[in-house]
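A short write-up of the structure that comes next.
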Amino acid sequence: AMEEYRQILNEAPKIKPVAAGALYHLGQCLEKSGRRSEARASYLAVLKDYTDQRQAAGARARLTNLDDTISGPLNLSFEQGPVGKLPPAWFVPALPKDGDQWAQVRRAGCMERGKCAVVLVPENAPTNAGNLMQSFAAAAYRGKMIRLTAWLRLEKVDAGDRAQMWLSIDRADGKKGFFDNMDNRPVRSAEWTPCQLEARVEDDATFVKFGVMSIGRGRVWVDRVSLEVLPTAHSARSTPP
10 AMEEYRQILN EAPKIKPVAA GALYHLGQCL EKSGRRSEAR ASYLAVLKDY
60 TDQRQAAGAR ARLTNLDDTI SGPLNLSFEQ GPVGKLPPAW FVPALPKDGD
110 QWAQVRRAGC MERGKCAVVL VPENAPTNAG NLMQSFAAAA YRGKMIRLTA
160 WLRLEKVDAG DRAQMWLSID RADGKKGFFD NMDNRPVRSA EWTPCQLEAR
210 VEDDATFVKF GVMSIGRGRV WVDRVSLEVL PTAHSARSTP P
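Here the sequence shown is numbered in our numbering, starting from 10 and rising by one per residue.
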């Protein structure tokens, strides 16, 4: 069934009702197969490209259900998943069949022995930004300070290329939560550079989201990702610097 839905997407991408239905049902198949990150990408594609279609409401509901079942970050070391493929538990804003073109597990080029990841922007990409990310339910982290850390390095193609790590906290009823994407301090170095973001998870927080972006056409390498809860006495800003 998944191959049939992919074939429909290849043959009728501009017929909105057909494409939206194929994407939504593809997401359901992937979800039932345990491939949650790919399912999430499929539902996100429905919301991004076919928000005016009736499947958008179902995709939004399935995304909420998926995130509710994930209570914390997964596969931060990138040890899961084969080299050259999108790392499991992570997702990119692209169709499932295109995910490997946007981010891949790597073994060579990492800081040390083990695996890391690289965020890519394909040559034929409609946008000049790649984004490798995760999302999980915030319930277990409410009222706590968290710290997101990663090491990044950039392989430039153009002078304006940059790497950015980001952290976002969603709150109930659309209230504004923490958000910082390092837009005022991106990584531009070819050397491994440590990045760190700290935030308080509000008492009404619903989801914690984080990721790494490649802005431009360069490749962003990611290693040593961690997300930790800080001691109660720790004092840190809960707003971007």
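Each residue gets a CB set at the ideal place from its N, CA and C atoms; glycine is no exception. Because the structure is a prediction, the values reported are computed rather than measured.
1) For V196, is the classification buried or exposed, using 16 other Cβ atoms within 10 angstroms of its Cβ as the cut-off for buried?
2) Hey, N35 and R63: beta-carbon distance below 8 Å or not?
3) Go to L56, then tell me how far its beta strand (DSSP E) extends in each direction, as first and last residue.
4) Can you list, in chain order, the stretches of the alpha helix (DSSP H) that have 4 or more residues and sit fully within the region 102–147?
5) Is the beta carbon of L176 closer than 8 Å to that of F219?
6) Quick check on A66: does DSSP put it in helix, strand or coil?
7) What does a CB cutoff of less than 7 Å around G67 pick up in its chain, not counting 5 residues either side in sequence?
8) Just to confirm the assignment, what range does the alpha helix (DSSP H) spanning M11 have?
9) My output table needs one value for V92: the three-state DSSP class, helix, strand or coil.
10) Per the DSSP calculation, A172 is bridged to which residue(s)?
11) With DSSP as the reference, label D61 as helix, strand or coil.
12) Alpha carbon to alpha carbon, how far is A168 from R180?
13) Taking the CB atoms as reference points, tell me whether G108 and W230 lie closer together than 8 Å.
14) Sort I224, E12, R45 and G30 by Cα distance to A138 and report the nearest one.
15) Does the distance between the C-beta of D213 and the nearest non-hydrogen atom of the ligand COA fall short of 7 Å?
16) What would DSSP say about R151, mapped onto helix, strand or coil?
17) Using the DSSP secondary-structure output, state which residues sit across from K218 in a beta bridge.
18) Counting Cβ pairs closer than 8 Å, one from the region 122–131 and one from the region 199–210, do we hit at least three?
19) Under the DSSP definition of a beta bridge, which residues are partnered with A208?
20) Within the continuous alpha helix (DSSP H) that includes V166, where are the two ends?
21) Taking a contact to mean a Cβ-Cβ separation below 8 Å, would you say A54 touches L95 in this structure?
22) What does DSSP give as the partner residues of S235 in its beta bridges?
23) Could you check where the alpha helix (DSSP H) with A98 kicks off and where it finishes?
24) Helix, strand or coil, according to DSSP, for P203 in the structure here?
25) By Cβ distance, which residues of its chain are closer than 8 Å to A112, with the 5 residues on each side in sequence left out?
26) D76 and A146: beta carbons closer than 8 Å?
From the atom records:
1) buried
2) Note on identity: in this sequence residue 35 is Leu, with Asn being the wrong assignment. Not closer than 8 Å, so no.
3) Where L56 is concerned, there is no enclosing beta strand (DSSP E), although the alpha helix (DSSP H) it sits in stretches over R45 to D58.
4) none
5) yes
6) helix
7) Y33
8) M11 to E20
9) Three-state result, V92: coil.
10) When beta bridges are read from the DSSP output, A172 appears opposite V196 and S223.
11) coil
12) 37 Å
13) no
14) Of I224, E12, R45 and G30, the smallest CA-CA separation from A138 is found for I224.
15) Summarising the ligand content, the structure contains no ligands, and the ligand COA is consequently not present.
16) Taken through DSSP and simplified to helix, strand or coil, R151 comes out as coil.
17) S144 and S177
18) In this structure the region 122–131 does not lie against the region 199–210, because fewer than three pairs of beta carbons, one per stretch, are closer than 8 Å.
19) I155
20) Looking at the DSSP string, V166 is not in any alpha helix (DSSP H), and its letter there is neither H nor E.
21) no
22) Per DSSP, T158.
23) That residue, A98, is in no alpha helix (DSSP H); it is neither H nor E in DSSP.
24) strand
25) L95, P96, W99, V101, A126, V127, V128, L129, G139 and L141
26) yes
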